[in-house]
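K.L.:
Our numbering applies: residue 424 is where the sequence shown begins, and numbers increase by one.
Okay, handing you the structure first.
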Amino acid sequence: MNTQRRVGGAEASPAPSRRRVLGAAIAASSIEWYDFLIYGVAATLVIHSHFFPEVSSTAGVLAAFATFAVGFAGRPIGAALFGHIGDRLGRKPALLTAMFLMATCSTLIGLLPTYATIGVAAPIILVILRIAQGMAVGGHWGGATLLAVEYAPPERRAFYGALPQLGLPTGMITGTLLFLLLEEILTPGQLSLWGWRIPFLLSVVMFPVAYFVHRFIEDTPRFRQVGALLVAQVGVGAMFGPAQTMLAQMFPPEVRYSGASLGYQIANILGGGLAPLIMTALLAATGTTLAVSGYVAAACVLALIPLSLATIVRTRRRSSRQDDHAAVIENAR
């Protein structure tokens with residue numbers, strides 16, 4: 424018996440398929456963010472001493488956080504590249520490629536020789552891998568979100584679109600707890616020598632998740648039916664749901680994957696990638712956390728400017744659509 428139904432002229436997926444897709448999207452997003460963010464924890468513990476030993480301790484931490492920021496610089500590149508793939512070939516190929524790229528880069532970081540072994544090549548390779556990680560995150564964000572949204576029943580698209588964003592705090596908490604656990608069970612010497620590599624090497628779990636997506640999940644019903652993707656509104660929900668909704672409404676459907684992903688990733692360079700570097704520099708220069716608090720407050724105030732402009736643009740577009748609709752009705756009379 425055919426368990427699928429038609430919704431709004433499109434064939435909706437059965438509940439089991441939707442649950443698989445949502446579970447896979449959340450798992451992939453959690454692991455992806457775990458892979459990307461564990462570097463920030465490692466940077467404060469060991470990265471600076473293993474890859475930037477020729478500078479002072481403070482300068483080494485700053486250099487390590489600079490490589491953390493470099494990862495954010497790769498995110499717009501990944502958003503543009505994988506957004507194009509997602510808009511032309513489907514959500515699934517873009518998502519799978521981003522997942523494999525992230526898992527490969529994280530595993531290689533875990534295996535990377537240090538400065539003491541291969542010299543200046545070590546930080547150079549580290550920077551390259553961080554850029555590639557950023558590209559993977561830039562491509563994965565839109566793929567996981569839109570895969571979930573486009574499989575969702577129309578009345579629950581906001582909820583489905585918000586859930587994959589829980590991967591960010593899940594990945595961050597998991598990575599932090601893992602390092603705390605390693606600090607408890609290993610000696611400082613063991614953690615510095617080889618223990619820090621364990622969280623990166625555990626990234627291999629991404630490969631089974633990617634295989635599950637490849638083997639058991641088809642591309643979104645809407646993409647398979649119409650070719651040009653008509654993405655539903657990204658939902659309001661937990662964590663980044665409101666930002667998704669705003670971004671989704673700012674771009675036409677045929678370029679929404681690319682536009683929403685690229686805009687989100689560019690914003691994260693300033694809002695996220697440079698934050699640890701700036702905060703560390705402010706704390707070192709002033710010796711007080713008030714400077715860090717001032718930086719956060721200033722960033723919040725600056726965020727109000729584009730938010731206000733986006734609201735004005737949306738209001739004007741809505742007014743224009745209403746005028747066009749009224750003109751069509753009047754001509755029909």
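For each residue, glycine too, the CB sits at the ideal point set by N, CA and C.
State buried or exposed for glutamine 688, treating a residue as buried only when at least 16 other CB atoms are found within 10 Å of its CB.
P.N.:
Against the sequence shown, residue 688 aligns to sequence position 265. Glutamine 688 should be labelled buried.
K.L.:
Does the beta-carbon distance from leucine 700 to phenylalanine 488 come in below 9 Å?
P.N.:
Numbered from its first residue, the sequence shown carries residue 700 at position 277. Numbered from its first residue, the sequence shown carries residue 488 at position 65. Cβ atoms of leucine 700 and phenylalanine 488: closer than 9 Å.
K.L.:
With DSSP run on the structure shown, which of helix, strand or coil describes proline 631?
P.N.:
Translated into the one-based positions of the sequence shown, residue 631 becomes position 208. Proline 631 falls in the helix class under three-state DSSP.
K.L.:
Glycine 561 and alanine 502: beta carbons closer than 9 Å?
P.N.:
In the sequence shown, counting from the first residue as 1, residue 561 sits at position 138. In the sequence shown, counting from the first residue as 1, residue 502 sits at position 79. The answer is yes: Cβ separation under 9 Å.
K.L.:
Go through the stretch 471-513 residue by residue and report every complete run of the alpha helix (DSSP H) that reaches 4 residues or more, in order.
P.N.:
471-474, 480-511
K.L.:
Let me make sure I understand the geometry here. Which of Ala544, Ile454, Gly717, Ala448 has the alpha-carbon closest to that of glycine 565?
P.N.:
As a first step, residue 565 is located in the sequence shown; it is residue number 142 there, counting from the start. Residue nearest to glycine 565 within the set Ala544, Ile454, Gly717, Ala448 is Ala448 (criterion: CA-CA distance).
K.L.:
Taking 9 Å as the threshold (C-beta atoms), are phenylalanine 495 and glycine 594 in contact?
P.N.:
Within the sequence shown, residue 594 is the residue found at index 171, counting from 1. Within the sequence shown, residue 495 is the residue found at index 72, counting from 1. Going by C-beta atoms, glycine 594 is not nearer than 9 Å to phenylalanine 495.
K.L.:
Measure the alpha-carbon distance for threonine 795 versus isoleucine 728 and round it to whole angstroms.
P.N.:
Here the chain has residues from 424 to 756 only, and residue 795 is not among them.
K.L.:
Can you tell which of Pro577, Met629, Glu607 has its C-alpha closest to the C-alpha of arginine 441?
P.N.:
Your numbering for residue 441 matches position 18 in the sequence shown. Closest by alpha carbon: Pro577.
K.L.:
Can you check whether the CB of glycine 509 is closer than 9 Å to the CB of phenylalanine 623?
P.N.:
Reading the sequence shown from its first residue, position 200 is the one you call residue 623. Reading the sequence shown from its first residue, position 86 is the one you call residue 509. Against a cut-off of 9 Å, the Cβ pair of glycine 509 and phenylalanine 623 comes out as no contact.
K.L.:
Can you tell me which of the three DSSP states valine 444 falls into?
P.N.:
Here the question's residue 444 lines up with position 21 in the sequence shown. Of the three classes helix, strand and coil, the one that applies to valine 444 here is helix, per DSSP.
K.L.:
Can you list, in chain order, the stretches of the alpha helix (DSSP H) that have 4 or more residues and sit fully within the stretch 501-580?
P.N.:
514-534, 538-541, 544-574
K.L.:
Does the beta-carbon distance from isoleucine 470 to tryptophan 619 come in below 9 Å?
P.N.:
As a position in the sequence shown, residue 470 is number 47, starting the count at 1. As a position in the sequence shown, residue 619 is number 196, starting the count at 1. Cβ distance < 9 Å, so isoleucine 470 and tryptophan 619 count as in contact.
K.L.:
If I follow the unbroken alpha helix (DSSP H) through serine 615, where does it start and stop?
P.N.:
Working through the sequence shown from its first residue, we reach residue 615 at position 192. First-last of the alpha helix (DSSP H) with serine 615: 611-616.
K.L.:
Roughly how many angstroms separate the alpha carbons of valine 628 and aspartate 458, rounded to a whole number?
P.N.:
For the purposes of this step, residue 628 is taken as the residue at position 205 of the sequence shown. For the purposes of this step, residue 458 is taken as the residue at position 35 of the sequence shown. Those two C-alpha atoms are separated by around 10 Å.
K.L.:
Residues in its own chain within less than 8 Å of phenylalanine 491 by CB, not counting five upstream and five downstream?
P.N.:
Taking the first residue of the sequence shown as position 1, residue 491 is located at position 68. Contacts found: Tyr462, Gly463, Ala466, Arg553, Gly696, Pro699, Leu700.
K.L.:
Express the C-alpha separation of phenylalanine 523 and leucine 371 in angstroms, rounding to a whole number.
P.N.:
Outside the displayed span of the chain (424 to 756) sits residue 371, for which this structure offers no information.
K.L.:
Quick one: grab the DSSP three-state call for threonine 467.
P.N.:
Counting from 1 along the sequence shown, the entry for residue 467 is found at position 44. Looking at threonine 467 - three-state DSSP - the assignment turns out to be helix.
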